[in-house]
Amino acid sequence: MSLPRTSLTDSIKLIVVGDQLSGKSSVLEGLTNLPFPRDSGLCTRFPTQIVFKRSKVSTIEVSIIAAHGQSKSTVNAIAKFDPNGQRTLGVLTKPDLVDRGAEEKILELVTNQTGRGRFQLGYTIICNRSQSELGLTHHERNLREARFFETQPWSVVPKKRAGAVAVDVRSKIRELEVELDDLGPAREISNDQRNHLIRIASDFRGITVKAIDAYYGRDQCFEDDDDFRLATNVMDMDQNFSETIRRQGFTRSFRRNSDTAATEHESEPENISSQCGSEDSSSSFSIITKKYDRSKGFEIGTLNPSLLPSLFAEQSQWWEYYANCHVKKVIQKIHQFNHKALCYCCKDSILSERLWTRLAQLLLPSYREALNQVSFLVSVEKDGNLMTMNHYFADNLRKAREDRITRQLLNLQSWSTSDAQKEPLLRLKDTIAAFLSNEEYTVRDLHDTLEAYYKVARKRFVDAVCL
Numbered sequence: 006m007s008l009p010r011t012s013l014t015d016s017i018k019l020i021v022v023g024d025q026l027s028g029k030s031s032v033l034e035g036l037t038n039l040p041f042p043r044d045s046g047l048c049t050r051f052p053t054q055i056v057f058k059r060s061k062v063s064t065i066e067v068s069i070i071a072a073h074g075q076s077k078s079t080v081n082a083i084a085k086f087d088p089n090g091q092r093t094l095g096v097l098t099k100p101d102l103v104d105r106g107a108e109e110k111i112l113e114l115v116t117n118q119t120g121r122g123r124f125q126l127g128y129t130i131i132c133n134r135s136q137s138e139l140g141l142t143h144h145e146r147n148l149r150e151a152r153f154f155e156t157q158p159w160s161v162v163p164k165k166r167a168g169a170v171a172v173d174v175r176s177k178i179r180e181l182e183v184e185l186d187d188l189g190p191a192r193e194i195s196n197d198q199r200n201h202l203i204r205i206a207s208d209f210r211g212i213t214v215k216a217i218d219a220y221y222g223r224d225q226c227f228e229d230d231d232d233f234r235l236a237t238n239v240m241d242m243d244q245n246f247s248e249t250i251r252r253q254g255f256t257r258s259f260r261r262n263s264d265t266a267a268t269e270h271e272s273e274p275e276n277i278s279s280q281c282g283s284e285d286s287s288s289s290f291s292i293i294t295k296k297y298d299r300s301k302g303f304e305i306g307t308l309n310p311s312l313l314p315s316l317f318a319e320q321s322q323w324w325e326y327y328a329n330c331h332v333k334k335v336i337q338k339i340h341q342f343n344h345k346a347l348c349y350c351c352k353d354s355i356l357s358e359r360l361w362t363r364l365a366q367l368l369l370p371s372y373r374e375a376l377n378q379v380s381f382l383v384s385v386e387k388d389g390n391l392m393t394m395n396h397y398f399a400d401n402l403r404k405a406r407e408d409r410i411t412r413q414l415l416n417l418q419s420w421s422t423s424d425a426q427k428e429p430l431l432r433l434k435d436t437i438a439a440f441l442s443n444e445e446y447t448v449r450d451l452h453d454t455l456e457a458y459y460k461v462a463r464k465r466f467v468d469a470v471c472l
C-alpha cells in the first residue's frame, strides 16, 4: 500500500489507514459525527476526504488496526511518512470480537505495559457499531460504548484511551483556546506586531513598578510566586548584609582589655571573635603598638597622619568581599524577577524567550556597573581621607575616653564619703601615678578613635551599598 504525496495529502489533518473492514469509516464517524454508509458486507472502496481546515503540514496520522492483528503493510506505509512515530496514534477496533482469553495482549498494548512500540502517542481502543446499532444516534452509540468499557476485563483501560470520545479533541481545544487568548490577537502585519510588543512592554513596566513599590494587591502573580515580591526580597537581603558586616566585617574585634573602658560596642555582637580576623581580639593593642612603633617619624607631640588610615584599611579589608557577595545575590534575584515577569506578560513562550535573549544582553552593563560601584565605594572608604560630619563619631570617642579614664581611677579608690552619695575619694599621688606614658596613652587613644570612626563608616558604607 502506498500513499502518494499530492497537493491533497498536504492539506489533510488526519490520515486514517488500516486493513479492509478494520473499521476506518467508524473511526471517522466517531471523530466527526458525520454519517457514513453502513450495511453488512458493505466495504468502502474509494478514498474519503473530510476537510475542516487546510494546512500545509500534516500534523497527525492515525493507524487503524483490527483487534485480531496488526498489518505489517500498514505499519510500513506509515513509516514512510512518520519514521519516528511521533505523529502516529494507533487505534484498536472491534474489541467485542476478541476471543475470550486473548484480551490480555490487547490490554497490555493499550495500558502501555509493553511500551508504546513505535507509536509514541500510544494506542486507543473503540467499539464499532453492530448491525443492530446502525439506527442509534451518536449519543446513544457513545453511551453503549461507555457501558462496554465498564465491563471486565476492559474496565482497566484508562478512560483517556477508551472510546471514540477519548480521541475527541474538544477538551484539548478548550485548553488551546485559553492559550490562544493569552497570545492575543493575530499579528500578521508589522503594525500589529509593534502594538503587541508595546502591550508587553507596558505590562512588564506595570509589574516592575508594583514589585519595586511593594504594591502587591492587584496582580495574582505576587500571590502565586514570592519571586515577584522584589522589594521584599531585596530588603531581606539588605538586612542580612548589614548584619553580616556588623558581625563579621572587621579584621579584629574591638573588645576591651580588663583595664580599659567598654563603649557601647560591648553590647554588640562585634565583640564576638571575628570569623574573618587573622588576629585574636586580645592582641588588638599589641598590633596597634607595633604599627605605631613602625610609623614613627619626626613629628613632635603628634602621631604619623598615615597611621590611622592604615589601621582602618586593615580593619575594613573584608568589606569588599561581603559587599560583592551581597550585590551578586541581588543581581541574581533581579535577573530572576525580570525573566519571570517577562514570561508572565508574554504568554507566547517562543516570543518571550526571544525577547529575553535580547533583554538579558541589555541588562548585563547595568549589572557590571553595580559591581563597579561597589569597588568605587570601597575605594572611597579605604583609599580616601578619613572624614565624617556625623556627630556620633565625636560622641562615641568622647564617651570611650571618659569611660576608660573613669575605670582606671575607680581601681585607685581609697575611701568613700559618708553621705548618701558615697562618692569615691582618691589620694592625689595615686591619681598622678595612674597617668600613662605618652606612648601608651597614644596607643589606647588610637584604638578608641579607630573604633568610633569604624562604627560610623560601617553604617555609611552599608547604606551606600544598599542604595
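Counting along the sequence shown from 1, when you hit position 142 you're at 147 in the working numbering, and nothing is skipped either side. Cβ coordinates follow ideal geometry from the N, Cα and C atoms, glycine included.
Endpoints, alpha helix (DSSP H) assigned at residue i
i: Y326; result: 324–350
i: L391; result: Looking at the DSSP string, L391 is not in any alpha helix (DSSP H), and its letter there is neither H nor E.
i: R252; result: 235–253
i: V214; result: 195–217
i: D298; result: 289–299
i: D229; result: 226–229
Assigned secondary structure, residue i (DSSP; H/G/I helix, E/B strand, else coil)
i: L139; result: coil
i: P314; result: helix
i: G35; result: helix
i: V22; result: strand
i: L185; result: helix
i: T307; result: coil
i: T411; result: helix
i: T93; result: strand
i: L112; result: helix
i: L360; result: helix
i: L2; result: Residue 2 falls outside the range modelled here, since the chain spans only 6 to 472, and no answer is possible.
i: P163; result: coil
i: Q125; result: coil
i: K464; result: helix
i: P158; result: coil
i: D400; result: helix
i: T447; result: helix
i: Y459; result: helix
i: R373; result: helix
Alpha-carbon to alpha-carbon, residue j and residue i
i: A72; j: H144; result: Interpretation of A72 is limited by its pLDDT of 43, a score under 50 that renders its predicted location unreliable; no figure is taken from the coordinates.
i: T156; j: N200; result: 56 Å
i: K85; j: K345; result: 42 Å
i: P274; j: R252; result: With a pLDDT of only 43 at P274, under 50, the local geometry of the prediction cannot be trusted, and the value read off the model is given with reservation. P274 and R252: Cα-Cα distance of roughly 6 Å.
i: I355; j: V214; result: 25 Å
i: A151; j: G90; result: 29 Å
i: P163; j: R179; result: 21 Å
i: T454; j: L402; result: 6 Å
i: K387; j: Q225; result: 46 Å
i: G23; j: L188; result: 38 Å
i: T98; j: D353; result: 38 Å
i: V461; j: L185; result: 58 Å
i: R373; j: I205; result: 26 Å
i: Y349; j: G211; result: 12 Å
i: F209; j: D230; result: 16 Å
i: W361; j: I336; result: 16 Å
i: I292; j: E456; result: 14 Å
i: N245; j: V379; result: 17 Å
i: N416; j: P314; result: 33 Å
i: E182; j: C471; result: 45 Å
i: Q125; j: E358; result: 28 Å
i: Q413; j: N395; result: 29 Å
i: L382; j: A469; result: 8 Å
i: R363; j: K464; result: 38 Å
i: Y297; j: L312; result: 7 Å
i: R105; j: F233; result: 59 Å
i: E113; j: G95; result: 14 Å
i: Q366; j: S195; result: 24 Å
i: V103; j: H340; result: 60 Å
Cβ separation of residue i and residue j, assumed to be a contact under 8 Å, to the nearest whole Å
i: A191; j: A216; result: That belief does not hold up - the Cβ atoms of A191 and A216 are roughly 31 Å apart, past 8 Å.
i: S321; j: V467; result: About 12 Å; that fails the 8 Å criterion.
i: R257; j: S289; result: 5 Å
i: N343; j: L376; result: Contact doesn't hold; Cβ gap of about 17 Å is too wide.
i: T393; j: Y458; result: 7 Å
i: Y327; j: T249; result: 6 Å
i: V448; j: K338; result: Not confirmed; about 45 Å, so no contact.
Beta strand (DSSP E) segment containing residue i, residue limits
i: L102; result: No beta strand (DSSP E) holds L102; DSSP gives it neither H nor E.
i: T129; result: 128–130
Test: residue i CB closer than 9 Å to a CB of chain D
i: T156; result: Protein chain content of the structure displayed is limited to a single chain, and chain D is not contained in it.
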